[in-house]
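Numbering (our numbering), first residue to last: 105 to 283.
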């Protein structure tokens, strides 16, 4: 199974991107193929009709999402919602990229926990005909720290991430058998 993870932060060394990389590592350990599409590296034009769809980075995003059997959307939580760059990226995609695919939503919040951005992501996923994983991941405060090997320092956060990723992989595998 191929999983595309879209890291929706523009900050170098962002905890959102580290979270995506850790999720990818867990999925790789279970034999899944992963691609982390980092929006800090892949700078997209602002969404609009017309020629923007032909932009090289939009084509890369489209290919990464289209080829995936399942998706992970990760965002920092800004002002109670997802990042502008992730929303912009999602605006370039339609239901052809999400239809009947499992989607895991994840965030990294400045406070203890941030769920508003996760609720917004799940609404977007439903509108794109994706299937939301019933689990989600929110790390905040000191839970956003990762060690030199890329693993969460906080044991509770690490367990929560592993649990959510296992649930997501199970859902994705079941959906891939059906669809």
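Every residue, glycine too, gets a C-beta built ideally from N, C-alpha and C.
Computed from a prediction, not measured in an experiment: that's the story for all the values here.
Indicate the three-state DSSP secondary structure (helix, strand or coil) for residue i in the structure shown.
i           : result
residue 272 : helix
residue 114 : coil
residue 203 : coil
residue 161 : helix
residue 198 : coil
Going by CA-CA distance only, name the one from the options that's closest to residue i.
i           : options            : result
residue 200 : 277, 280, 128, 166 : 166
residue 178 : 131, 123, 235      : 123
residue 118 : 270, 243, 220, 277 : 243
residue 228 : 185, 260, 280      : 185
residue 246 : 215, 278, 142, 191 : 215
So, is residue i buried or exposed, given that buried needs 16 or more other C-beta atoms within 10 angstroms?
i           : result
residue 174 : buried
residue 171 : exposed
residue 267 : exposed
residue 196 : buried
residue 283 : exposed
residue 252 : exposed
residue 112 : buried
residue 189 : buried
Please specify which runs of the alpha helix (DSSP H), each continuous and at least 4 residues long, are wholly inside the stretch 220 to 263, giving them in chain order. Counting whole runs of 4 or more residues, the stretch 220 to 263 contains the alpha helix (DSSP H) stretches 220 to 231.
Should the stretch 138 to 146 be regarded as contacting the stretch 207 to 215, the criterion being three or more beta carbon pairs within less than 8 Å? Short answer: they don't touch.
Segment contact flag, the stretch 230 to 237 with the stretch 188 to 207, C-beta cutoff 8 Å, min 3 pairs: Output reads yes: the stretch 188 to 207 touches the stretch 230 to 237.
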